[in-house]
Every structure is written in C-alpha cells, then in structure tokens.
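S.K.: First, the structure itself, so that you have it in front of you.
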Amino acid sequence: MYLPRNASKARVREAENARRNRAEIVKALSHGQVSRRDLIRMGLMSAAGTLVLTNGLSPFAKSAYASIPTGAPRSPLFGVQAFTQPMPRFDVLPRKPVSALSPAPTAQANTTQQPLNPALEGVRPGDTGPIEGRPPGPIWAHQEFTRFPPAISIEATQEGAKVNTAYNPGVASAFNSGINAAAPIRPTFHPGLPDQGALALWTFNGTVPPKLMQVRYGEPVLFRHRNMLPFDVRQNGGFGRHTISIHEHNGHHGAENDGFTGAFFFPGQFYDYHYPIVLGGWRTINSAATDPRAGGPADNGGINKVAGDWRETMSSHWFHDHMFSFTSQNVYKGMAGMFNIYSALDRGSEALNDGVNLRLPSGTAKTFGNLEYDVNLMLADKAWDANGQLFFDIFNTDGFLGDVMTVNLAYKPFFEVERRKYRFRILNGAVARFFKIALSDASPMIFIANDGNLMPSPVVLTELDEQGIAERYDIVIDFSRYSIGSKVWMVNLAEHEDGTMPSRDLSITEALSGTSPDPCVGKFLEFRIVRNPAQADASQVPATMIPNPDLSAVPVARNRTFVFGDGANQTTNNPVTTFRGPWGIGTNGGEVLAADFGRISAAPRFGTRETWTLVNDGGAWDHPIHIHFEEGQILARNGSVSQVPAWEKGRKDVYRLRPDGSVTITMQFRDFGGMFMEHCHNTTHEDNAMLLRWEIDDGGAPFLRPLPTPIPTPQGVTFIPPDDILPSAF
Amino acid sequence: MKAHRRSSTPVVLSILAGILAGVPSTGIAGTPTTLVIPVAGTVDDVPESISLSGVARITSTPVVQRIPGRPRVVLSIDLRDVSGQGLSTGTTYVSTGEAYLTRLLVLSDLVEVTFALVPSGPDGILSARTALASLRLSFDLTSGGLTAASGTLSAFRPPG
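Note that the protein sequences, when read in sequence, are chains A and B.
Under my numbering, think of the first position of the first sequence as 1, with each following residue one higher.
Under my numbering, think of the first position of the second sequence as 1001, with each following residue one higher.
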C-alpha cells in the first residue's frame, strides 16, 4: 500500500503526483462538482466504485519506473522520532447543570426559526430554518423525557482544528506523563509535526486530545452538539462533509438519540441527544429498583439503585459521526470520542468495598470515575500529505489505510506508569485497519471487557485477538512485574496489504524485527515504568464479573439472516437516502442490496427476542458488523458453539465475521423504539453501501408502522414514506 | 478540475474484470483441516520453571479469494489441553491458549504464538506466566489443506 522509506525519489514523485490527482477527484466529489456516475463516464472510476488502474492516478497502476504497483508515498515525518512525546490522556468534557443550556432542552425538536447562511447548499438569501436539526414532531421527540429528565448537560461543538486552552485530562500531571494541562495544546499529531489546519482536522470542540464523557447509571444526560463546521460544503480540506449525526455507540437510548445516519444536522444548528443511561429491561426486570447490583455510583460512595437487569450493565462506549456515506471521512478527520459509563458494579473507584463494586483498577480519590489507573486509548492509523495535512483517499473501496500509528491522536507516544495494575479501554478508531495487540515481552494481559460489556469471567491472554474497527477491548496490565526505569511496548501484530482484512498476523518476534512492509506493524506505544505507587494498589480483578442475562425462558420470535457481500444491487433511486457502492447486505435470502436509509429491512416486534445470523459471503474480506441499540450474545460461530472463543462469551455490539465465516447472535428488542442501523464498521464498506435500516415501530404511539423517513434540509426536516419495505421485514 | 497527471492512458486491467466476474483466483476451497498433535517442553524462566505437555489442536481454513492476492489461511490454534507443573513448587498451571491467526499460505510455515499459563489458586490470573508454542506447519498449496504439524513449547525470549 505504501512505498518503502528507501523508495527512489522518482518513484516517490510519481506516487505523490498520483496522490494529488486522486485528492483533486475526492475534493470534486465531496463538493458535489462531479458524481460517481460522471467519473464512470470519464473512465476514471469503475462501476464497482473503485478507481481504475491508471498511471498518474492509481497507487496500484504499473509505474513508469518499475513493473510493480507504485504504492502511495509515505507520510513525511519531518524528522520526528517515535516515543518522543507523552501520550495525552483524553480531554474530559465538563458536566454542567441542565440550566446551563440555552435554550433549554425540549422533548420535541426546537423548531425556533433562525436566518440561514446562504453559503449552505440550497439556501437563498432570506431563508430561515430551525435552530435544532433533530427531526420535528412526536416521533422524534425524546422518549421517556419525563420519566428520565436530564440531570446533567454536556456540550460539544464540531469545529475545525484550533489550539486547546481548556484541556482537562481528569488527572494530575503525574498521571499524564508530565503534561502540563494548563499549557496550550496545539492541533498536531506531534510537537515536531505541522499543525493541522482548520479544514483538515475536525474534532469535538475543534481540539485535541479526543474527548471523554463520564456518565453514570441513574443520571440522565443531555448531550448538546453544536455544528460549527464551515457553512460552505467546499470548505472541507478536500474530504469530509459538514453535515453530521452523532452516534453513541452502543447506547441503550431511543432512536432519536442514536445518531441515525439520515438524521443529520447542518452548520449553525444544534442537536440535543438525550441519554437516559438506563439498564436494559428496565420496563419489566427489577422494575422496582431494589437490586443493589443495578445502579449507579452515588456521590457519597453508595449506590443509586435503578430499574433494569444488572447483567445488562455497560462500561466502555464511544461516540462518533455517522453521516450517511461520509462516516469514514468524518471520523477519520477526528470526530470520535469515548464514553465511560460508571455503575454499581464498575464504579471507577477501586477501594470501595461494598460487596457489589468489582473494584477494577481506577483510583480512589473520588467516589466514581477515577481515571488515574483507568486509561482510554484510541488507536487509529493516519496519513498526511507533503505539507503534513491529513490525507484521505476514497478510491480503494476495500478500505483506506494510513501509514502512521497514533494513540489518542498522538504519533507513537510514551506513557508513564506506576508499578501496579492499570485498566486500558482500547478502542479501534481506524477506518479499515484491524489491530492485534501484544506486549513486547509477551507478558499476560487480563481481558475484562469486550465492547461495552464486562466479561462473565476475565480471560488471561498474551496476544489479543484481531480487533476490528469500533471494537473495544478492556484489559488490565499489571506493571508491578517491572522494575523502575524499565520499558515495555504495545505492539501491533496485524499486517495489512490493503483494507480487506489483515494479510497476516505476525508473531511478536516477527513484528519486532522491523521487516514488515506495513508501517503500522510493530511498537506503537511505549510504557515507561517510572515509580512505585504512593498508595498500595487496592484494585482487584474478580474471577466473576457480569454474567450474561439468562434468556432461556424468553422465546425466540424470529430468525433472520443477513449476508454481507459485494456486487450489491440498488433498487431505489432517492438521491438523499440511497447510495451506490460495491458493498451491500442481503436479508433473509433476498438479493444483496446497497444502502438506502429509506428502506426497512427488518422490524422486530417490540418486547421480543430474535436470533440473527450474520454471514460473510466470502472473497477474502472480513467485516466487523455493528448492530445499533441492542447488545447481543454470540450463540455460535460457523454454526458451532465450540468455535466461540473465550473472549467472546460475554455480550457484544460488533461482530467480526472472519473470512467466509458466520456469527449467530441473539438479542432482545425492548425499552425504546424508532429506526436503527446495522452495518459494517469498516467505515469504507459502510460508506460504500454496506448498511441497512431496521426499526422497532410497534411499541405504540407516537410510532407509526412503518416509520416515515426523515429528509433533512437547512430549512427543516421533511418526511417521506419508506422507499422500500422488504417482504420479510415485518 | 485541476490535474497533475503524467502522460498516461486509462487502462482497465484484468484485476477489475476479476472483481466484476467474481472469479476465484486461487481455486482453493475453504474447507478446514484439523490436526491434533502432542506438544511438550519446559518454560525455563523465573520464578520457577514449568514442565508442560498436552496437545495442540490446529485447524486451518483456506481463505476463499475472489480477487487476486496472496493465498491465506486462518489458523485456529487451541492449546487449552496443555497443562504443566512448576518444577520448584509443584504448582499446577493450566493454559488459556486459544488463538486465531491469519497467515499466508506457504509450503512450510513456522508459527510462533505465545499463550498464558495460569497457576491454580484464587488469584491465579494475577500470577499468570507466558509460554511460547513453536509450530511447524506444512500445507498443500493446491488445496490449502494442513498436511503435517509438529511443535514444541518453551519460554518466550523477546528479541534483542
């Protein structure tokens, strides 16, 4: 994919020309100046959406200088060396009273009119539109807004890159590798690299490090997003789209708060997301809220008990843009953050010993949410151009790969640790790259959570499984085995040649040898063991954590099958809701269809349990499939329960299919309704049409069956009937 | 649209035709093959050496490729039937070794995979040790099948 560092200058020059040419096409596409259909007519793009192999355009065309594909030029490092900068901890978003919000949040979307900026597409001078981009009316009103009124508010903007003058790592400098949080943080991947421009990097609040939300069960949150991206769609640095929809991955909230791909909002608007932070099954299980295991941390160290099934407790989420057909570009540009949920069981306060708290590594100073020894890691591969500005390429529809490893948007940093146990919440925040993580000395790591869910029992591993895009792996590393002054590294063992899937998984020795042609293989995070802890390590890793909900008494109402493959057909032609790409999903034996968020592919009945089988149709691809809203239990892989590995015996929300593989899961559909999604979280695949809509629409008013599709415009959201309803949907 | 092209002619190569036609390039079916082999060895390391023995269950599944590319297999390596005993304390160790690896399909592949050994006892997971399985695997390049395997167990020594 990328040229070796010792490639000839002529080869690099040729590849750089090809990259610039592709960037021009990507820019024209993102501006709407040309369509994919135009490019096909011009002979630049295939019907499958891929770039034709043209010299001067494609990194895979035969080179003028050699008979092998040229590859793409490496991202220049401007002399920067690995492990020369501290890893910044996430930037904790302030929790404020709801009264801090102006205007006050409302159950239905706030349709107060405002003048629109004529630079917005389709806007004429004098036009007005609603201040909130949420679809109006009762169907998109916050469900259970009265029952779960927001107790706190959190605000974030979507903005171009700027200096961070309000960094809050949530810990003292000693727990942040010496970083002075009071000093301005430049928007760069390393102090020795150029700052990212305001059009190249788009993040929450426009700053780095990435943002962290800390929430707790029993404390509903109103998360207000203000879109402050450029009004002019062309002001995007060549890629990315200024309309956005924020998905809380994998929140158990109403669909109006899920970040539906077609419920996007425009610059100048806000969107209120209401997160009740409730346990699954709250309507029917432990509805009197008497079980102390079902709860959230109280300020006094006790438990605020809540209704629901304590076995549905979740911990490590994240949030990111989900703009239809632009998710990969916008997330790559920086619109991704993490979301820690604290509970009676997972308090984030390791010394509280009440028989409920699992006392996982975290800290002791606060009654919940201590971060000293509870560390969020967001892994992502990036690439930049000759000027050091983020570069993206949409033309490889197998998946875009970067050639530079970042952790928390920092290039190969170091992190100082004490001689004790730490919890790491590891998010694969890449576009198409899988990671496979080990420590350089192969020391054991204790795997405690998969996606948002603590395991029934911890699993000791020396090499983690391949981690697909959007998967979260929580692990505990005990650094007490190391002496002060020593170092150990996190190592990536998964080598890619392209975005299809890892080309091979290396041994630790192979990965450390430096011989892999993939620049993202090998060491990417250095741990420096710097001191003994001031207090004894009070944390534990219990042998039993959170068992799976017992579903044996819940009948299976339906079995559905979804086949994820290429060669998708598109049967509808709404220019807003449809997209044509090589990827698609076949439902219940039907043809593989490209994405249309106006098409209903499945509609489980409210309050039921179903079994879904997700099938990879083969072809040397892997697909990490994400199902919104509901957590699933894996019943079988390739039809066999014995092929479910130990680390997948808990609940999950992303399911790697593996090449030619299948996964059978079971889920319950409860508590809230609306339209949700299922898609590949290789976001290149997702954006190239491997996405479908499913909905829960029979839970009573205000829902209609089927639900109308929202069509956002700056002047307001309109609704249209579904473009299509698959015969087996209902 | 500004272009920076060298003199060139658009050429759609056979790779694209392969994608559109869905033609397998390797002809390898995705049929798994499994071998169960005895493995043994000693983790010669501090705080005590551990004598290990048991079996490794290795399943190889060729990846069906519809586009040109180097043939690959997905290996399932199950070492959970390996156990050991500490040579100083007599402590029993059980393996949690379970790995899924993507590898290139070659005639002979040396696969090195580390795995954890958990001592018996209530806090065993906090005292886990590391072992290395070195597996020599032979494949039929035509079918992608696993034809032979042998392996040893030892301590992992970081390079350098």
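Yeah, the Cβ is synthetic: ideal placement off N, Cα and C, and Gly gets one too.
Give the DSSP-derived three-state secondary structure of A:Trp694 in the structure shown.
M.R.: In this structure, A:Trp694 counts as strand in the three-state DSSP scheme.
S.K.: Which of the three DSSP states, helix, strand or coil, is assigned to A:Arg74?
M.R.: It is coil, neither helix nor strand.
S.K.: Are the stretch 700 to 716 of chain A and the stretch 124 to 135 of chain A touching, with three or more C-beta to C-beta distances below 8 Å?
M.R.: The stretch 700 to 716 of chain A, when compared against the stretch 124 to 135 of chain A, does touch it at the 8 Å Cβ threshold.
S.K.: Measuring only between beta-carbons, confirm whether B:Arg1057 sits less than 8 Å from chain A.
M.R.: Closer than 8 Å: no.
S.K.: Between A:Leu692, A:Phe145, A:Pro708, A:Asp596, which has its C-alpha nearest A:Val221's C-alpha?
M.R.: With distances taken between Cα atoms, A:Val221 lies closest to A:Phe145.
S.K.: Please list, in chain order, the chain A residues whose beta carbon lies closer than 8 Å to that of B:Arg1162.
M.R.: An answer regarding residue 1162 of chain B cannot be provided, because it is not within the stretch 1001 to 1160 covered by chain B.
S.K.: Would you list the one or two residues that DSSP bridges to B:Phe1115?
M.R.: B:Phe1115 is bridged to B:Ala1131.
S.K.: Buried or exposed: A:Arg651, going by 16 or more other Cβ atoms within 10 Å of its Cβ?
M.R.: The residue in question, A:Arg651, is buried, as its Cβ has 16 or more Cβ neighbours within 10 Å.
S.K.: Can you have a look at A:Thr326 and say buried or exposed, based on whether 16 or more other CB atoms are within 10 angstroms of its CB?
M.R.: Strictly speaking, residue 326 of chain A in this sequence is Phe, with Thr absent from that position. Per the 10 Å Cβ criterion, buried.
S.K.: A:Asn340: which of A:Ser362, A:Gly280, A:Ala166, A:His274 sits nearest, CA to CA?
M.R.: Out of A:Ser362, A:Gly280, A:Ala166, A:His274, A:Ser362 has the C-alpha closest to the C-alpha of A:Asn340.
S.K.: How is A:His252 classed by DSSP in three states: helix, strand or coil?
M.R.: Note: A:His252 maps to coil in three-state DSSP.
S.K.: So the candidates are A:Asp687, A:Asp698, A:Ile696, A:Gly586; which of them puts its Cα closest to the Cα of A:Leu726?
M.R.: For A:Leu726, the nearest C-alpha among the options comes from A:Gly586.
S.K.: By Cβ distance below 6 Å, which residues in the same chain neighbour B:Gly1145 in space, the five residues on each side in sequence not counted?
M.R.: For B:Gly1145, where only same-chain residues beyond five positions count, the Cβ hits under 6 Å are Thr1033.
S.K.: Chain A partners of B:Leu1126, CB-CB under 7 Å?
M.R.: Asp478, Val541, listed in chain order.
S.K.: By DSSP, does A:His685 sit in helix, in strand, or in coil?
M.R.: Helix at A:His685.
S.K.: Helix or strand or just coil, what does DSSP make of A:Tyr411?
M.R.: In the structure shown, A:Tyr411 sits in a strand (DSSP, three-state: E or B).
S.K.: Could you tell me the boundaries of the beta strand (DSSP E) in which A:Lys421 lies?
M.R.: Per DSSP, A:Lys421 belongs to the beta strand (DSSP E) from 421 to 428.
S.K.: Taking 8 Å as the CB-CB limit, is A:Ser516 close to chain B?
M.R.: Judged by the 8 Å Cβ criterion, A:Ser516 is not in contact with chain B.
S.K.: Of all the options B:Ser1051, B:Ile1077, B:Val1063, B:Leu1126, which has the alpha carbon lying nearest to the alpha carbon of B:Val1035?
M.R.: The sequence shown places Leu at residue 1035 of chain B, not Val. The residue with the shortest Cα to Cα distance from B:Leu1035 is B:Ile1077.
S.K.: Would you mind telling me which residues of chain A sit closer than 9 Å to B:Ala1133, beta carbon to beta carbon, in chain order?
M.R.: None at all; the shortest Cβ gap to chain A is about 10 Å.
S.K.: Going by DSSP, what residue range makes up the beta strand (DSSP E) through A:Leu377?
M.R.: Taken as a continuous stretch (DSSP letters only), the beta strand (DSSP E) holding A:Leu377 covers 374 to 382.
S.K.: Please identify, using Cβ separations under 8 Å, the residues of the stretch 614 to 628 of chain A that lie next to chain B, in order along the chain.
M.R.: Listed in sequence order: Gly618, Gly619, Ala620.
S.K.: Near A:Gln114, which residues of its chain fall below 8 Å by C-beta distance, leaving aside the five closest residues on each side in sequence?
M.R.: Thr128, Gly129, Pro130, Ile131, Gly268.
S.K.: So, helix, strand or coil for A:Gln467, using DSSP?
M.R.: Strand, per DSSP.
S.K.: Name the chain B residues whose beta carbon is nearer than 7 Å to that of A:Asp441?
M.R.: Per Cβ cutoff of 7 Å: Pro1158.
S.K.: Do the stretch 198 to 208 of chain A and the stretch 234 to 252 of chain A touch if we need at least three Cβ pairs shorter than 8 Å?
M.R.: Touching, yes.
S.K.: Take A:Lys436 and list the residues in its own chain whose beta-carbon comes closer than 8 Å to its own, dropping the five residues that flank it on each side.
M.R.: So the list reads Glu463, Leu464, Asp465, Glu466, Gln467, Asn492, Leu493, Ala494, Pro502, Asp505, once near-sequence residues are dropped.
S.K.: Looking at chain A, which residues of the stretch 1065 to 1098 of chain B have a Cβ within less than 8 Å of any of its Cβ atoms?
M.R.: Cβ contacts with chain A come from Gln1065, Arg1066, Ile1067, Gly1069, Arg1070, Arg1072, Val1074, Ser1076, Thr1096, Glu1098.
S.K.: Using CA coordinates, which residue listed in A:Asp498, A:Val663, A:Arg656, A:Pro702 is at the minimum distance from A:Tyr2?
M.R.: The shortest Cα separation from A:Tyr2 among A:Asp498, A:Val663, A:Arg656, A:Pro702 belongs to A:Asp498.
S.K.: How long is the line joining the alpha carbons of A:Thr111 and A:Arg124, rounded to whole angstroms?
M.R.: Each residue's Cα considered, the two are about 19 Å apart.
S.K.: What does DSSP give as the partner residues of A:Trp318 in its beta bridges?
M.R.: Answer is A:His249, A:Met338.
S.K.: Hey, does B:Val1106 have any beta-carbon neighbour from chain A nearer than 8 Å?
M.R.: No, its Cβ sits nowhere closer than 8 Å to a Cβ of chain A.
S.K.: Does the stretch 690 to 704 of chain A come close enough to the stretch 654 to 664 of chain A to have 3 or more Cβ pairs within less than 8 Å?
M.R.: Too few Cβ pairs lie closer than 8 Å, so no.
S.K.: Which of the three DSSP states is assigned to A:Arg528 in this structure?
M.R.: Here A:Arg528 sits in strand by DSSP.
S.K.: Just to confirm before moving on: does the CB-CB distance between B:Phe1115 and B:Gly1097 stay below 8 Å?
M.R.: Their beta carbons are under 8 Å apart, which means B:Phe1115 touches B:Gly1097 by this criterion.
S.K.: So which residues on chain A does B:Phe1139 lean against when the C-beta distance must stay under 7 Å?
M.R.: Correct list: empty, because the minimum Cβ distance to chain A is about 14 Å.
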